[in-house]
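Just below is one structure, and these are the notes that go with it.
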Amino acid sequence: MSSNEMDSKIKELRELRRMADELAGEIESITDSIKTHMDAEGVDTISGTDWKVTYKAVTSSRIDTSALKKALPDVVERFSKTTTARRFCIA
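Counted the way our numbering counts, the sequence shown spans residues 895 to 985.
Laid out in structure tokens, this is it:
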């Protein structure tokens, strides 16, 4: 790929990412307004003709790895796995 083609691709990618950020902001704003409405109505589920929205608390349990590392560092070391990934960044 030539330098001009690369410049064009990077410019296009930056513009698409900017547009995606704008859309993400709009999506978050609409989502927040729906959540606010549901909280005001005191409901955790609403539905329409072809949609259903739920907004309710979900409880989950996870292992606190920082506490585990302090309490049982040998166990953490035995069961830890190192992975390598490639990261794509544009500056």
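Just so you know, even glycine gets a beta-carbon here, dropped at the ideal spot from N, CA and C. These figures come from a predicted structure and were not determined experimentally.
Close Cβ partners of residue i (< 7 Å) along its chain, the five nearest in sequence each way excluded
i, result
"T925", "none"
"S902", "none"
"R980", "none"
"Y949", "K929, M932 and D938"
Supposed close pair residue i, residue j - CB separation, criterion 8 Å
i, j, result
"L907", "I984", "7 Å"
"K946", "T939", "7 Å"
Of the residues the options, the one placed nearest residue i, counting alpha carbons only
i, options, result
"A951", "T977, D933 and K963", "D933"
Sequence-distant residues of the same chain with beta carbon closer than 8 Å to residue i, five excluded per side
i, result
"T959", "V970"
"A962", "Position check: residue 962 holds Leu in this sequence, whereas Ala was assumed. Once the five neighbours on either side are set aside, the close Cβ partners of L962 are V969 and V970."
Residue i beta carbon near the ligand MG (any heavy atom closer than 6 Å)
i, result
"K905", "Absence of the ligand MG is noted for the structure shown, with no ligands found whatsoever."
Beta strand (DSSP E) runs contained entirely in the segment 921 to 956, provided each spans 3 or more residues: Restricting attention to beta strand (DSSP E) runs no shorter than 3 residues, the segment 921 to 956 encloses them at 939 to 941 and 946 to 948, ordered along the chain.
Runs of 4 residues minimum, wholly inside the segment 957 to 983: which ones carry the alpha helix (DSSP H) assignment? 959 to 965 and 967 to 973
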